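These notes are about the structure you will find just below.
There are 6 protein chains.
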Amino acid sequence: MATYGLIEYDQASPEVRAVYDDIMATRNTDWINNFWKAIAHDPVTLKRTWESIKEIMRPGALDPLTKEMIYVAVSATNGCGYCVASHTASARKAGMTQEMFAELMAVAGMANETNRLANGYQVETDERFRTS
Amino acid sequence: MATYGLIEYDQASPEVRAVYDDIMATRNTDWINNFWKAIAHDPVTLKRTWESIKEIMRPGALDPLTKEMIYVAVSATNGCGYCVASHTASARKAGMTQEMFAELMAVAGMANETNRLANGYQVETDERFRTS
Amino acid sequence: MATYGLIEYDQASPEVRAVYDDIMATRNTDWINNFWKAIAHDPVTLKRTWESIKEIMRPGALDPLTKEMIYVAVSATNGCGYCVASHTASARKAGMTQEMFAELMAVAGMANETNRLANGYQVETDERFRTS
Amino acid sequence: MATYGLIEYDQASPEVRAVYDDIMATRNTDWINNFWKAIAHDPVTLKRTWESIKEIMRPGALDPLTKEMIYVAVSATNGCGYCVASHTASARKAGMTQEMFAELMAVAGMANETNRLANGYQVETDERFRTS
Amino acid sequence: MATYGLIEYDQASPEVRAVYDDIMATRNTDWINNFWKAIAHDPVTLKRTWESIKEIMRPGALDPLTKEMIYVAVSATNGCGYCVASHTASARKAGMTQEMFAELMAVAGMANETNRLANGYQVETDERFRTS
Amino acid sequence: MATYGLIEYDQASPEVRAVYDDIMATRNTDWINNFWKAIAHDPVTLKRTWESIKEIMRPGALDPLTKEMIYVAVSATNGCGYCVASHTASARKAGMTQEMFAELMAVAGMANETNRLANGYQVETDERFRTS
Numbered sequence: 012m013a014t015y016g017l018i019e020y021d022q023a024s025p026e027v028r029a030v031y032d033d034i035m036a037t038r039n040t041d042w043i044n045n046f047w048k049a050i051a052h053d054p055v056t057l058k059r060t061w062e063s064i065k066e067i068m069r070p071g072a073l074d075p076l077t078k079e080m081i082y083v084a085v086s087a088t089n090g091c092g093y094c095v096a097s098h099t100a101s102a103r104k105a106g107m108t109q110e111m112f113a114e115l116m117a118v119a120g121m122a123n124e125t126n127r128l129a130n131g132y133q134v135e136t137d138e139r140f141r142t143s
Numbered sequence: 012m013a014t015y016g017l018i019e020y021d022q023a024s025p026e027v028r029a030v031y032d033d034i035m036a037t038r039n040t041d042w043i044n045n046f047w048k049a050i051a052h053d054p055v056t057l058k059r060t061w062e063s064i065k066e067i068m069r070p071g072a073l074d075p076l077t078k079e080m081i082y083v084a085v086s087a088t089n090g091c092g093y094c095v096a097s098h099t100a101s102a103r104k105a106g107m108t109q110e111m112f113a114e115l116m117a118v119a120g121m122a123n124e125t126n127r128l129a130n131g132y133q134v135e136t137d138e139r140f141r142t143s
Numbered sequence: 012m013a014t015y016g017l018i019e020y021d022q023a024s025p026e027v028r029a030v031y032d033d034i035m036a037t038r039n040t041d042w043i044n045n046f047w048k049a050i051a052h053d054p055v056t057l058k059r060t061w062e063s064i065k066e067i068m069r070p071g072a073l074d075p076l077t078k079e080m081i082y083v084a085v086s087a088t089n090g091c092g093y094c095v096a097s098h099t100a101s102a103r104k105a106g107m108t109q110e111m112f113a114e115l116m117a118v119a120g121m122a123n124e125t126n127r128l129a130n131g132y133q134v135e136t137d138e139r140f141r142t143s
Numbered sequence: 012m013a014t015y016g017l018i019e020y021d022q023a024s025p026e027v028r029a030v031y032d033d034i035m036a037t038r039n040t041d042w043i044n045n046f047w048k049a050i051a052h053d054p055v056t057l058k059r060t061w062e063s064i065k066e067i068m069r070p071g072a073l074d075p076l077t078k079e080m081i082y083v084a085v086s087a088t089n090g091c092g093y094c095v096a097s098h099t100a101s102a103r104k105a106g107m108t109q110e111m112f113a114e115l116m117a118v119a120g121m122a123n124e125t126n127r128l129a130n131g132y133q134v135e136t137d138e139r140f141r142t143s
Numbered sequence: 012m013a014t015y016g017l018i019e020y021d022q023a024s025p026e027v028r029a030v031y032d033d034i035m036a037t038r039n040t041d042w043i044n045n046f047w048k049a050i051a052h053d054p055v056t057l058k059r060t061w062e063s064i065k066e067i068m069r070p071g072a073l074d075p076l077t078k079e080m081i082y083v084a085v086s087a088t089n090g091c092g093y094c095v096a097s098h099t100a101s102a103r104k105a106g107m108t109q110e111m112f113a114e115l116m117a118v119a120g121m122a123n124e125t126n127r128l129a130n131g132y133q134v135e136t137d138e139r140f141r142t143s
Numbered sequence: 012m013a014t015y016g017l018i019e020y021d022q023a024s025p026e027v028r029a030v031y032d033d034i035m036a037t038r039n040t041d042w043i044n045n046f047w048k049a050i051a052h053d054p055v056t057l058k059r060t061w062e063s064i065k066e067i068m069r070p071g072a073l074d075p076l077t078k079e080m081i082y083v084a085v086s087a088t089n090g091c092g093y094c095v096a097s098h099t100a101s102a103r104k105a106g107m108t109q110e111m112f113a114e115l116m117a118v119a120g121m122a123n124e125t126n127r128l129a130n131g132y133q134v135e136t137d138e139r140f141r142t143s
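If you want it as structure tokens, here you go:
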């Protein structure tokens, strides 16, 4: 259960509704997922977060699918169940196949392992990496 | 300083040297970075880790550049300084431009922010994400 | 389900019951939440943890509400669902309004984002911060 | 060393310089810390991050000092050395005394401890916390 | 619900079935837990992960019980609910008593607390630790 | 540099000196490491932390070496450089051989990898683990 409940479209203030409308138009859907309905209790954060996400996830030097997969890798690393579920759904919608998901997980898992080996063995950064 | 010092090629046992040779051949370089020289005190872990990395990072459903960028995103999330430095160098060698790096960081940063908003607002996973 | 089940007041040993009594007296309530009933299997940890919490959370240079909000920010960062739920309840009881919660989450989310940008961009600490 | 070096005011493009000017004016200082000079390689992220920070850290339901202390607690939890150093400096400038810092650390440390006890003992969330 | 559902023994391909057979034989059980059935969608990761686990968890300089307890400590630190549940079960099967579990949690909890105190107080590593 | 500098024995107040004396007596050494000198600015936290550590790390159902190794595994997972360095030194003093350290790191690294695979594949906890 979200801390303060979820704000549905019908109950929403005009400023919240404007963000909801933009989310649905941008994503070409008629549906708002719980994350937005929860943070809608704070319209300033709702608007800033949505506009940041929209700016960051649009096609650029990286395509939207790659960006969604990075989002999944970070969310799995942080153990955020909601975020893994929602961004895995987004990544699949953007074209992630089962094979791509499997490799994504393999890389993310391995990175988590070697990050700790580097920490535990107290490995000093190579001079070449400092000056490259 | 690595916990037990670094094992240079000249001091290495034949089994360690075989891994070093494979690393250099696979990466088309004449250089071994500190991570491998540190974990070489444990030849079993050295061999297993290198063979896992080699299997995981080879071209597949995802290209090597995408894989290196995922590695950087995870390492920045975990705050592993060594891993950020080494995999940023690898990603640049694999073709990551400054623009790609900037977008990678923007996505990874945003994912870390929204992961915590989802946690803090105690957002429940949407039914649609459970059944998709 | 807690690893070893929950120890209710009626089943508790005298030393566990003494801690439960002190928790209820200090908090002016007739209720013990699951966290304490779970760690009560280890009376030494129960007593030490409760006494540490009591010492740390009492009014001092920081007021109890500020302390509860810091607890929530850390728990959301760590993704501990139980801790977010229990300390959000405590913070609200101590006077946290919806507006305060919203700003708390905004700051905690932003800190998690910029923490990773600083890691990923490998930003060196400014000389002024070292000597201040 | 930052990944792509630091962009000093004199080398900066007009759009970056405009952000730098706003940072210095808002903070009433003539100095830009390394974080901004590092992410200035990506003017879009620079502008978005600064404007988000400015919006979030301004006085509201929580005062700026409380917000800086929350920033420090999150940064210490994440182990971001740069962020601990810079936000501890900001918090002290905003009025954090040594006693307040000591209590801040005590709470943040304790939260990290009990977060893990709750995880390890697999404590289930109390019904009262779900419905409050 | 696992992302792609669970692969039961009857539906499994011969290569997946071979890994399942080895898991059951090694663990002297007739049962496969969900983790393996979920990652079986990626037979390469399934095989590599199982063989790594088997190599790492076998008796060596550390006994299997100590290894399982380290696994639990890491999993509680990372907040991975599945991993805490499964490795706590393994550790108990390997001989972990309630008293050992309690001390394990006390140490893991304390380590998480002092880790953050060291970060927050920005404690520099002692010269003696660098050269030891 | 520690946030408020280090408090040496000669400058210490009687209550801080009493803790320093107990640390040296308990550890049979004439030396205090930086962690204690940094948190000594807060004598209440110094005393509580030292007494908690002393209680937790004493021989019990787990021996001191096992406890130090768990401390190292948690610290490497959290990426706390100071804590890895100091507790690796303590573990070696308590009898940890190079082989034991290597296995400790292998287990901790693997746990970090599979923790993220479990998160990413959204593996549901087996019924058997819930009721065991």
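Residue numbers (my numbering), protein chains in the order written: chain A, 12 to 143; chain B, 12 to 143; chain C, 12 to 143; chain D, 12 to 143; chain E, 12 to 143; chain F, 12 to 143.
We put the CB at the ideal spot given by N, CA and C, even for glycine.
Predicted model only: the values in this text are computed from it and were never measured.
Sequence-ordered contacts of the stretch 62 to 92 of chain E with chain D read 83, 84, 86, 87, 88, 89, 90, 91 and 92 [C-beta pairs closer than 9 Å]. For residue 99 of chain A, the residues of chain E that pass the 9 Å Cβ criterion are 14, in the order they occur in the chain. Boundaries cannot be given for residue 22 of chain C, as no alpha helix (DSSP H) includes it and DSSP labels it neither H nor E. Straight-line spacing of the CA atoms in residue 111 of chain E and residue 128 of chain E works out to 26 Å.
Taken in chain order, the whole alpha helix (DSSP H) runs of length 4 or more contained in the stretch 59 to 101 of chain A are 75 to 89. Secondary structure note for residue 131 of chain C: its alpha helix (DSSP H) is the uninterrupted segment 109 to 131. In the DSSP assignment, residue 47 of chain D falls within the alpha helix (DSSP H) that extends over 45 to 50. In this structure, the beta-carbon distance from residue 118 of chain F to residue 50 of chain E does not fall below 9 Å.
Burial check for residue 48 of chain C: the Cβ neighbour count within 10 Å reaches 16 or more, so the residue is buried. When only Cα atoms are considered, residue 35 of chain C and residue 61 of chain C end up about 11 Å apart.
Along the stretch 107 to 133 of chain D, none of the residues has a CB nearer than 9 Å to a CB of chain A. At a cut-off of 9 Å between beta carbons, residue 36 of chain F makes no contact with chain A. Secondary structure of residue 13 of chain A (DSSP, three-state): coil. The C-beta distance from residue 84 of chain B to residue 30 of chain A rounds to 27 Å, too long to meet the 8 Å contact threshold. Around the beta carbon of residue 37 of chain D, fewer than 16 other beta carbons lie within 10 angstroms, which makes this residue exposed.
Going by beta carbons, residue 94 of chain E and residue 125 of chain F fall inside the 9 Å limit. In the displayed model, residue 135 of chain A falls within coil according to three-state DSSP, outside both helix and strand. Of the other Cβ atoms in all chains shown, 16 or more fall within 10 Å of the Cβ of residue 79 of chain E; this residue is therefore buried. In the three-state reduction of the DSSP assignment, residue 37 of chain E falls in the helix class. Among the residues facing chain E, residue 27 of chain C is not included, as its CB has no counterpart in that chain under 9 Å away. In the same chain as residue 41 of chain C, and ignoring 5 residues on each side of it, the C-beta atoms closer than 7 Å to its own belong to 35, in chain order.
Contact between residue 63 of chain F and residue 141 of chain C is ruled out by a C-beta separation of about 30 Å, above the 8 Å threshold. A straight line joining the alpha-carbon of residue 26 of chain B with that of residue 33 of chain D spans about 59 Å.
In its own chain, leaving out the 5 sequence neighbours on each side, no residue places its CB closer than 7 Å to the CB of residue 70 of chain A. Shown here, residue 32 of chain C sits in a helix according to DSSP, grouped into three states.
Within 10 angstroms of the beta-carbon of residue 108 of chain B lie fewer than 16 other beta-carbons, which makes it exposed. Contact check for residue 44 of chain F and residue 97 of chain F: beta-carbon distance about 6 Å, within the 8 Å limit, so the pair qualifies. Proximity of residue 137 of chain A to chain C, defined by a Cβ-Cβ separation below 9 Å, is not satisfied. For residue 74 of chain A, the closest alpha carbon among the candidates A:55, A:123, A:106 and A:24 is that of A:106.
Nearest to residue 53 of chain B by C-alpha distance, out of F:24, F:113 and F:18, is F:113. At a cut-off of 9 Å, the C-beta of residue 50 of chain B has a neighbouring C-beta in chain F. Counting the other Cβ atoms within 10 Å of the Cβ of residue 22 of chain C gives fewer than 16, which makes it exposed.
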